[in-house]
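> In the working numbering, the protein residues as written are 43 to 429.
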Ligand SMILES: [Zn+2]
């Protein structure tokens, strides 16, 4: 068996970058490429399409068919390039000064390329534990692919015990991050003439009270910050991102939408916010609105609820990554990943991957070749553990 080489990895990465898998576009061309790549290695492969069939998750397994495998996981989608000033074609990888430039080189096709290069070698071995590859869609817009994949793994009875998510961390080991819950709350009032505000239900004014309540909750969350928390800031946060509503200065606003997000440190933060909002809406706002107009309403749409990654005392994934990287400590980060979803599904999860989050999502995104080499070394040690 020959180990994965950086030349292999670079060549594969160039091919992956050439698929423009921006989240709002299809990723099927790249998924086809991945499926045939793993198919040629003799891996067991399944695809899981989204509702409209435009995108798919790919899940591939090498080694025995049994529980307790290790998952290497990454997302196939990349963020858009519109409005960004690139000095070369973002979908044509360019090597310069020890770096590989192109959309997704860092976030996170560089890791995917390392996985594929490693899989070539692993396919020739007699693995004692399954080695799974989970490549998802729609991570950048709400981790929808990974949420669906967790259900599919359960449905198929596939029970890995640990997952390594290769988001760009400069190969640092990351054991925790906050959750990211995103909502749109729609207020339906009753329009009327501005001179007679009591005859209508002003959706904007109710939305304003809702927002004021969210801000009070934000303060309560601050007070709940745990001593010694390593998060920055150490508490759960609430943020109002956008608001739309109304038709004109002299018209009672019939509609208003508030787009907001909650980033819980611990699941109980989200429970507190949900319970308090439920009480406030159902016992105060809605009765007042409905007293004037029975059809008035408030509805909250869940855009996405991506679980945080909780730091746990015992973690198989962390133990493995310590062993294969030589690291002896782990950090927490502010950005969300799919790791929390694996953890929620009962799979020990850890994050460690090549490249820096500083370069992610930016024009002239790049990954350092040395970072890819470190990642290959880590994966080679992982592979050695599986024989
Ligand atoms: Zn990413």
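Backbone N, C-alpha and C fix where the C-beta goes; we use that ideal spot for every residue, glycine too.
Keep in mind the model is a prediction, meaning the values are calculated, not measured.
Suppose only complete runs of 3+ residues qualify. What are the beta strand (DSSP E) ranges in the segment 174-262, listed by chain order?
204-207, 216-219 and 222-230
> Can you tell me where the beta strand (DSSP E) with residue 148 in it begins and where it stops?
In the chain shown, residue 148 corresponds to position 106, counting from 1. Counting along the chain, residue 148 falls outside any beta strand (DSSP E), and DSSP gives it neither H nor E.
> Is residue 400 near ligand 1, with its Cβ less than 7 Å from a heavy atom?
Translated into positions along the chain shown, residue 400 becomes position 358. For ligand 1, not one heavy atom lies less than 7 Å from the Cβ of residue 400.
> So what does residue 90 bridge to, in DSSP terms?
Reading the chain shown from its first residue, position 48 is the one you call residue 90. 99.
> Which residue's Cα is closest to the Cα of residue 139: 281, 163 and 409?
By 1-based counting over the chain shown, the position of residue 139 is 97. Nearest C-alpha to residue 139: 409.
> Buried or exposed: where does residue 213 fall if 16 or more other Cβ atoms within 10 Å of its Cβ makes it buried?
Stepping through the chain shown from its first residue, residue 213 is reached at position 171. So residue 213 counts as buried.
> Does the beta carbon of residue 66 fall short of 7 Å from some heavy atom of ligand 1?
For this step, residue 66 is matched to residue 24 along the chain shown. Incorrect: residue 66 has no Cβ contact closer than 7 Å to ligand 1.
> Comparing C-alpha positions only, which one of 336, 47 and 165 sits nearest to residue 81?
Locating residue 81 in the chain shown gives position 39, counting from the first residue. When only C-alpha atoms are compared, the closest one is 165.
> Around the C-beta of residue 241, are 16 or more other C-beta atoms found within 10 angstroms, so that it is buried, or is it exposed?
Taking the first residue of the chain shown as 1, we reach residue 241 at position 199. Exposed, since its Cβ has fewer than 16 Cβ neighbours within 10 Å.
> Based on Cα-Cα distance, which residue from 171, 115, 374 and 310 lies nearest to residue 105?
Position 63 of the chain shown holds residue 105. The shortest C-alpha separation from residue 105 is found at 171.
> Which value, in whole angstroms, describes the spacing of the CA atoms of residue 89 and residue 274?
As a working mapping, residue 89 is identified with position 47 in the chain shown. As a working mapping, residue 274 is identified with position 232 in the chain shown. Computed Cα separation, rounded: 38 Å.
> Looking only at C-alpha atoms, which of 351, 145 and 191 sits nearest to residue 12?
Nothing in the structure corresponds to residue 12, since the chain is present only between 43 and 429.
> Could you check the C-alpha separation between residue 250 and residue 256 for me, to the nearest Å?
Taking the chain shown and counting its residues from 1, one reaches residue 250 at position 208. Taking the chain shown and counting its residues from 1, one reaches residue 256 at position 214. Between residue 250 and residue 256, the C-alpha separation is close to 10 Å.
> Mind checking whether residue 215 and residue 75 have CB atoms under 8 Å apart?
Here residue 215 is taken as the residue at index 173 of the chain shown, counted from 1. Here residue 75 is taken as the residue at index 33 of the chain shown, counted from 1. It is not a contact, given that the beta carbons lie outside the stated cut-off.
> Under DSSP, the alpha helix (DSSP H) around residue 392 begins and ends at which residues?
Here residue 392 refers to the residue found at position 350 of the chain shown. That residue, residue 392, is in no alpha helix (DSSP H); its beta strand (DSSP E) goes 390-393.
> Within 8 Å (strictly less), CB to CB, does residue 177 reach chain D?
The chain labelled as chain D is not found in the depicted structure, where only one protein chain is given.
> Using a Cβ-based criterion (distance less than 7 Å to any ligand heavy atom), does residue 209 qualify as near ligand 1?
Along the chain shown, one-based indexing puts residue 209 at 167. In this structure, residue 209 has its beta carbon less than 7 Å from a heavy atom of ligand 1.
> Decide if residue 407 is buried, meaning its Cβ has at least 16 other Cβ atoms within 10 Å, or exposed.
On the chain shown, residue 407 is found 365 positions in, with the first residue counted as 1. A residue is called buried when at least 16 other Cβ atoms come within 10 angstroms of its Cβ; residue 407 meets this threshold and is buried.
> With DSSP as the reference, label residue 377 as helix, strand or coil.
On the chain shown, position 335 is the one that residue 377 refers to. Residue 377: coil per DSSP, three-state reduction.
> Report the residue from 196, 190, 400 and 376 whose alpha carbon sits nearest the alpha carbon of residue 93.
On the chain shown, residue 93 is found 51 positions in, with the first residue counted as 1. With distances taken between Cα atoms, residue 93 lies closest to 190.
> Name the DSSP beta bridge partners of residue 143, please?
Numbered from its first residue, the chain shown carries residue 143 at position 101. BP columns for residue 143 point to 136 and 408.
> Taking residue 244 as the reference, which of 267, 205 and 291 has the closest Cα?
Residue 244 sits at position 202 when you count from the first residue of the chain shown. The shortest Cα separation from residue 244 among 267, 205 and 291 belongs to 291.
> Tell me residue 47's beta-bridge partners as DSSP assigns them.
Numbered from its first residue, the chain shown carries residue 47 at position 5. Note: residue 47 sits in no beta bridge, so no partner.
> According to the Cβ coordinates, are residue 62 and residue 133 closer than 8 Å?
The residue you call residue 62 lines up with position 20 of the chain shown. The residue you call residue 133 lines up with position 91 of the chain shown. The answer is yes: Cβ separation under 8 Å.
> Buried or exposed for residue 58, please, with buried defined as at least 16 other CB atoms from any protein chain shown within 10 angstroms of its CB.
What you label residue 58 is simply residue 16 of the chain shown in a count that begins at 1. It is buried - the Cβ of residue 58 has at least 16 other Cβ atoms within 10 Å.
> Mind reading off the beta-carbon distance from residue 149 to residue 123? Whole number of angstroms is fine, and I expect it under 8 Å.
Taking the first residue of the chain shown as 1, we reach residue 149 at position 107. Taking the first residue of the chain shown as 1, we reach residue 123 at position 81. Actually they do not touch by this definition, with Cβ atoms about 13 Å apart.
> CA-CA distance, residue 423 and residue 194?
Along the chain shown, one-based indexing puts residue 423 at 381. Along the chain shown, one-based indexing puts residue 194 at 152. Looking at the two C-alpha atoms, the distance is approximately 29 Å.
> Would DSSP call residue 421 helix, strand or coil?
One-based indexing of the chain shown puts residue 421 at position 379. Helix at residue 421.
> Applying the 10 Å Cβ sphere with the 16-neighbour rule, what's the burial state of residue 69?
Counted from its first residue, the chain shown places residue 69 at position 27. Answer is buried; the Cβ neighbour count reaches 16.
> Ordered along the chain, which non-local residues of its own chain (more than five positions away) have a Cβ less than 6 Å from that of residue 300?
By one-based count along the chain shown, residue 300 stands at place 258. Here the set comprises 227, 249 and 285.
> For residue 418, which residues from the same chain have a beta carbon less than 6 Å from its beta carbon, with the 5 sequence-adjacent residues on both sides left out?
The residue given as residue 418 occupies position 376 in the chain shown. Once the five neighbours on either side are set aside, the close Cβ partners of residue 418 are 46 and 156.
> Going along the chain, which unbroken runs of the beta strand (DSSP E) with 3 or more residues stay wholly within the segment 287-369?
297-305 and 339-348
> Give me the Cβ distance between residue 414 and residue 152, rounded to the nearest whole Å; I'm assuming they're in contact under 8 Å.
The sequence position of residue 414 within the chain shown is 372, counting from 1. The sequence position of residue 152 within the chain shown is 110, counting from 1. With 8 Å as the limit, residue 414 and residue 152 qualify as a contact, their Cβ atoms being about 6 Å apart.
> Nearest-angstrom Cα distance between residue 267 and residue 187?
Counting from one through the chain shown, the residue named residue 267 turns up at place 225. Counting from one through the chain shown, the residue named residue 187 turns up at place 145. One C-alpha to the other measures close to 31 Å.
> Would you check whether ligand 2 has a heavy atom nearer than 7 Å to the C-beta of residue 149?
Ligands displayed in this structure: ligand 1; ligand 2 is not among them.
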